[in-house]
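Residue numbers (the numbering used here): 507 to 824.
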């Protein structure tokens, strides 16, 4: 009978139980020499046990259920230099691994304000999901860090349907969180925003080069020529010192293809003036639009032919 496919059940179940049994057998071999490794047989047994320990996945649970940590620390203090060096290296590796995982436990507590028990279970599930063989190295370590950041993002969210509230209400186990998709961990508001963004991206993927991006289409502006509200807004940076000045806004009417090019602040004022419809302000509106039109270096409107831009016409206003 072969091993099951890679998954959390390997390290958390089959592999861990087997590791605990084999560690206990190795410790019994050490106890037969009663901590006397001066003889050749005792020295050989200690070195063999240390080699086995280097191949085992010794995590926090294995250290708590067995006395392997205490036994290896004693080996690190023996007079034999080779035994002491290997034991010290093993203790150092275990310590680095546990400290690395403790950072994740602490991070879960800071991001979500969870109890320490839940934080440990979250990290345990994360480790089992990303490291099915129990080895926090290479690609498994990269996957561990990637999913850790993903879970921290969900823990920062607040609300009645946030991950923190779901854990508090025991809607699912903390050990299973790392294996759940983002759609299950997200709030309803975040899920709707992501679905909307995906729909826009899908529609834009089938647009022709002549069609404007859907995200740029807006109804916040009024075309001075045809009074249409369906426009396309694009924002670009121009000039030698473009990082120190307002961006240039290009608004194109999707009805008559008229183009208005101006600075961001002036365009917002122009949009407000064009959207005014109160008769008492018609005279002031006409004067204000006339002032805008006089700024030929800021405003240019091309009607029909985009290659021949001309000043905005205000005769029809007022």
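The C-beta atom is built at its ideal place from N, Cα and C for all residues, glycine as well.
Inter-residue Cα distance where the pair is residue i and residue j
i           : j           : result
residue 636 : residue 736 : 49 Å
residue 617 : residue 729 : 48 Å
residue 583 : residue 590 : 6 Å
residue 627 : residue 680 : 6 Å
residue 578 : residue 531 : 14 Å
residue 620 : residue 672 : 12 Å
residue 644 : residue 624 : 27 Å
residue 725 : residue 685 : 42 Å
residue 648 : residue 641 : 12 Å
residue 808 : residue 704 : In this prediction, residue 808 scores a pLDDT of 34, lower than 50, which makes its location untrustworthy; the coordinate-derived value is nonetheless stated afterwards. Those two C-alpha atoms are separated by around 35 Å.
residue 790 : residue 702 : Only weak support is given to the placement of residue 790: the predicted model assigns it a pLDDT of 38, under 50, and the value that follows is read from those uncertain coordinates. The straight-line gap from Cα to Cα measures roughly 41 Å.
residue 664 : residue 708 : 29 Å
residue 825 : residue 549 : As shown, the chain starts at 507 and ends at 824. That puts residue 825 outside it, with no answer to give.
residue 551 : residue 691 : 50 Å
residue 562 : residue 543 : 22 Å
residue 698 : residue 689 : 10 Å
residue 613 : residue 622 : 11 Å
residue 700 : residue 687 : 14 Å
residue 533 : residue 581 : 12 Å
residue 696 : residue 670 : 15 Å
residue 559 : residue 675 : 40 Å
residue 535 : residue 575 : 15 Å
residue 652 : residue 602 : 19 Å
residue 759 : residue 766 : 8 Å
residue 545 : residue 655 : 51 Å
residue 666 : residue 757 : 41 Å
residue 658 : residue 547 : 51 Å
residue 611 : residue 594 : 26 Å
residue 557 : residue 615 : 36 Å
residue 646 : residue 727 : 52 Å
Local Cβ density within 10 Å of residue i, reported as buried at 16 or more and exposed below that
i           : result
residue 538 : exposed
residue 565 : buried
residue 764 : buried
residue 529 : buried
residue 592 : buried
residue 639 : exposed
residue 604 : exposed
residue 609 : exposed
residue 524 : exposed
Supposed contact pair residue j and residue i - C-beta distance, whole angstroms, cut 8 Å
i           : j           : result
residue 693 : residue 668 : 5 Å
residue 650 : residue 633 : 7 Å
residue 741 : residue 723 : 14 Å between Cβ atoms; not a contact.
Distance CB(residue i)-CB(residue j) smaller than 8 Å
i           : j           : result
residue 573 : residue 607 : no
residue 732 : residue 761 : yes
residue 631 : residue 683 : yes
residue 522 : residue 568 : yes
residue 553 : residue 599 : no
residue 526 : residue 571 : yes
CB contact check: residue i to chain C, cutoff 8 Å
i           : result
residue 663 : Of the protein chains in this structure there is only one, and it is not chain C.
(request) Quick one: which unbroken alpha helix (DSSP H) runs of 4-plus residues sit fully inside the stretch 662-689? Chain order, please. (result) 669-674
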